[in-house]
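**Student:** So that we are looking at the same thing, I have put the structure below in structure tokens.
In full-length UniProt numbering, the protein residues as written are 1 to 345.
Structure follows, in structure tokens:
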């Protein structure tokens, strides 16, 4: 919350450092600021009678106007909505109207939750309930809480609010821009100070995730599915203000799945992913079991399962190498040696 008294006692330089977009506000006022190290209170106290007549408002009115400007900019940028300590899912009903087999699931910032179940079991419905911040008004009758409170309705009905970012299976760009132009455009819209540094980091991380490298000058409309997904995951993790990330079947993206999840969680976001991949399922801190439209169980990943996941990763690498060798027409004889090594491990 912006406190008027704190603004009055802060220096102009302190205010601009914390809220960079206020620099244009000060420039647009008739208030002459000769010393940025003076507080607003000190600046108004030093005004002459003639200067006060030109300014026409006092320090309280100026602080009110400045606070309003900051709130408007925060709302535009989504900064007010970025703090999610806990996402809670309260039980609803399955397709038969039976109560789900739990009361309340709390998910902390920085946690990964995998959602597993047969095709058509209701995984996408759960993701939709979270995106919609359902309040008993969806077919499942689930309720979503943020920090143990009913979410503000603006998160549901205002397009500019970005509580949730969703990465769907298909990423289709429609703007004819290069990768760097696209990233710069997004960074500019966020009004960040270190734009060049952030853009370069996103580009580097995206190429770490992608199975095939791409250049800065590559047109985003020409990127492969895996490259597009890698770019959007890196962009979402680093530049998006959305604190909750929903992912649908990342295993089909042709990217480094483990690095993608590490990047997202490293930015202190809540990550929920619907998946059929056993490795991704075990990478989650917990996994939600969905069947017949309802949550049937919530299982915490054990240490033994984490060990099993490491073995599955070895097998997965063999399959990945095989696909790459087939793609580039290489001899597959070495695969026998790798399989033998796995069997003997």
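The C-beta atom is built at its ideal place from N, Cα and C for all residues, glycine as well.
Could you tell me if residue 185 is buried or exposed, where buried requires 16 or more neighbouring beta carbons within 10 angstroms of its beta carbon?
**Tutor:** Classification of residue 185: exposed, given that the 10 Å Cβ count is below 16.
**Student:** If you follow the beta strand (DSSP E) that residue 294 is in, where does it begin and where does it stop?
**Tutor:** Taken as a continuous stretch (DSSP letters only), the beta strand (DSSP E) holding residue 294 covers 294-300.
**Student:** Just how far apart, CA to CA, sit residue 81 and residue 41?
**Tutor:** Because residue 81 sits at a pLDDT of 49, beneath the cut-off of 50, its placement in the model cannot be relied upon, and the following sentence gives the value as read from the coordinates. Using only the alpha carbons, I get a separation of about 30 Å.
**Student:** Out of 103, 190, 96, 105, point me to the one whose CA is closest to residue 122's CA.
**Tutor:** When only C-alpha atoms are compared, the closest one is 96.
**Student:** By alpha-carbon positions, which one of 221, 214, 202 ends up nearest to residue 238?
**Tutor:** Residue 202 is the option with its Cα nearest to residue 238.
**Student:** DSSP on residue 310, reduced to helix/strand/coil?
**Tutor:** The answer is helix: DSSP assigns residue 310 an H, G or I state.
**Student:** So, helix, strand or coil for residue 187, using DSSP?
**Tutor:** If DSSP states are grouped into helix, strand and coil, residue 187 belongs with the helices.
**Student:** Give the secondary structure of residue 160 by DSSP, where H, G and I count as helix, E and B as strand, and everything else as coil.
**Tutor:** Only weak support exists for where residue 160 lies, its pLDDT of 47 falling under 50; the coordinates are left without a value.
**Student:** Thinking C-alpha only, which one of 234, 173, 182 is nearest residue 217?
**Tutor:** Here the closest residue by C-alpha is 182.
**Student:** Judging by CA-CA distance, which residue of 179, 283, 240, 243 is the nearest neighbour of residue 219?
**Tutor:** Of 179, 283, 240, 243, the residue nearest in Cα terms is 179.
**Student:** What does the Cβ neighbour count give for residue 347, buried or exposed, with the cut at 16 atoms within 10 Å?
**Tutor:** For residue 347 there is no data in the structure shown, the boundaries of the chain being 1 and 345.
**Student:** For residue 36, collect the residues of the same chain with a Cβ closer than 8 Å to its Cβ; drop the 5 residues on either side in sequence, then sort them by chain order.
**Tutor:** Excluding sequence neighbours, residue 36 sits near 11, 12, 13, 16.
**Student:** Excluding five sequence neighbours on each side, which residues of the same chain lie with their C-beta closer than 6 Å to the C-beta of residue 159?
**Tutor:** Because residue 159 carries a pLDDT of 46, less than 50, the predicted location of this residue cannot be relied on, and the following value inherits that uncertainty. Excluding positions up to five away in sequence, the list is empty.
**Student:** Quick one, which of 39, 90, 48 has its alpha-carbon nearest residue 137's?
**Tutor:** When each option's Cα is compared against that of residue 137, the closest is 90.
**Student:** So, for residue 294: in the same chain, excluding its five sequence neighbours on each side, which residues have a beta-carbon less than 6 Å away from its beta-carbon?
**Tutor:** Closer than 6 Å at Cβ, skipping near neighbours: 94, 100.
**Student:** Can you name, in chain order, every residue of its own chain whose Cβ lies under 6 Å from the Cβ of residue 292, other than the five neighbours on each side?
**Tutor:** Excluding residues within five positions, the ones whose Cβ falls inside 6 Å are 94, 95.
**Student:** So is residue 125 buried or exposed if we call it buried at 16+ other beta carbons inside 10 Å?
**Tutor:** Under this definition residue 125 is a buried residue.
**Student:** Under the three-state reduction of DSSP, which class applies to residue 130: helix, strand or coil?
**Tutor:** The answer is helix: DSSP assigns residue 130 an H, G or I state.
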